[in-house]
Structure formats: structure tokens, C-alpha cells
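Since the structure comes first, as C-alpha cells, the remarks are kept for the end.
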Amino acid sequence: MARLPDVEHRNADVTVNGFEMPCEIPADHGPEPVGATPFGLLAGSLAACTAMSVRTFLRQWRIDPGEVEVRVAVRPGTPPMMDRRVAVTGAVDPDMRGQLATEVDNTPVTRLLRDSVSIRTVLTTG
Numbered sequence: 021m022a023r024l025p026d027v028e029h030r031n032a033d034v035t036v037n038g039f040e041m042p043c044e045i046p047a048d049h050g051p052e053p054v055g056a057t058p059f060g061l062l063a064g065s066l067a068a069c070t071a072m073s074v075r076t077f078l079r080q081w082r083i084d085p086g087e088v089e090v091r092v093a094v095r096p097g098t099p100p101m102m103d104r105r106v107a108v109t110g111a112v113d114p115d116m117r118g119q120l121a122t123e124v125d126n127t128p129v130t131r132l133l134r135d136s137v138s139i140r141t142v143l144t145t146g
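Positions 21 to 146 (our numbering) are the ones given, in order, by the sequence shown.
Listed below in C-alpha cells is the structure:
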């Protein structure tokens, strides 16, 4: 749920699964807000979904993923673009790395977004 108190406010109160947080709608010509923004929340969803999918995929193949870190940056423009960097500290052989890259490109949130926004991914493994 999101609630915007009135026309003058740029902060929406967002509730996700009972967790509440403020979300600032960026001004057209102002500095980037320091807190959560709508695109920031979208980037966070993509990052979390990717990290969980990578870990689950590698564990299914009995590969210790080690630490999995996913960073997503939103590049403004028309249309906007997302840069996703996926780093896995565990050792992944070249054949499995190709399968992992396919998995990353087919996570649930990636599938939801890919027709609306370009997602450029860089995958590194230990």
C-alpha cells in the first residue's frame, strides 16, 4: 500500500508486508533524494530477487555460492535502463556459469520488467 497525504507532499508512506517506510518522489529538477524512491524500490526488488534466485540455483546444483551480491543502479532516460552487477564469490565452472547467466536473465522480477526497461547485467564469479 502507498499513501500520499496530499498534493503538496513528495513523500508517500509505503507499507510492504507490514513493514513501513517513507518513499520520496523525486523532483523533476532537484537533487536525488537520500531515502527510498519508486525506482529505488524497483531496483531493490530486482536485486533481492536476483540474489535469491542465484543462491537457489547454485545450491540446487550443489555448488556453494559463497557470498552473493547484487547491485542495481537505475540510469534515467527514455526509456530508463537498469545496470545490474551480480558477484558470486563461489567457484563456478564455465559451463555452469552460462546456465547461471540464463537463470539471472529469467528471474521472476526480471521477466516482469524486461519488456518495460532495459536491464544490462554483468556477472562475475569466484
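For every residue, glycine included, the Cβ atom is placed at its ideal position computed from N, Cα and C.
From the DSSP output, in three-state form, read off Glu52 for me. Reading the sequence shown from its first residue, position 32 is the one you call residue 52. Here Glu52 sits in coil by DSSP.
Give a yes or no on whether the minimum CB-CB distance between Glu123 and chain C is below 8 Å. Absent from the structure is chain C; it holds one protein chain and no more.
If you count every other CB in all the chains shown that lies within 10 Å of the CB of Arg91, and 16 or more means buried, which is it? Against the sequence shown, residue 91 aligns to sequence position 71. Its Cβ having fewer than 16 others within 10 Å, Arg91 is exposed.
Assuming Glu123 and Phe77 make a contact with CB atoms under 8 Å, what is their CB distance in whole Å? On the sequence shown, position 103 is the one that residue 123 refers to. On the sequence shown, position 57 is the one that residue 77 refers to. So it is a contact: roughly 5 Å between Cβ atoms.
Hey, Arg147 and Thr57 are a contact pair by Cβ (cut 8 Å); roughly how many whole angstroms apart? Only positions 21 to 146 of the chain appear in this structure, which leaves residue 147 out of reach.
Kindly indicate which residue of Pro128, Arg30, Asn37, Met72 has the alpha-carbon position closest to the one of Met21. Taking the first residue of the sequence shown as 1, we reach residue 21 at position 1. The candidate whose alpha carbon is nearest that of Met21 is Asn37.
Would you report the Cα separation of Ala68 and Ala111, rounded to the nearest angstrom? Against the sequence shown, residue 68 aligns to sequence position 48. Against the sequence shown, residue 111 aligns to sequence position 91. Approximately 21 Å, taken between the alpha carbons.
May I ask you to report which of helix, strand or coil DSSP gives Arg104? As a working note, residue 104 is residue 84 in the sequence shown. Arg104: strand per DSSP, three-state reduction.
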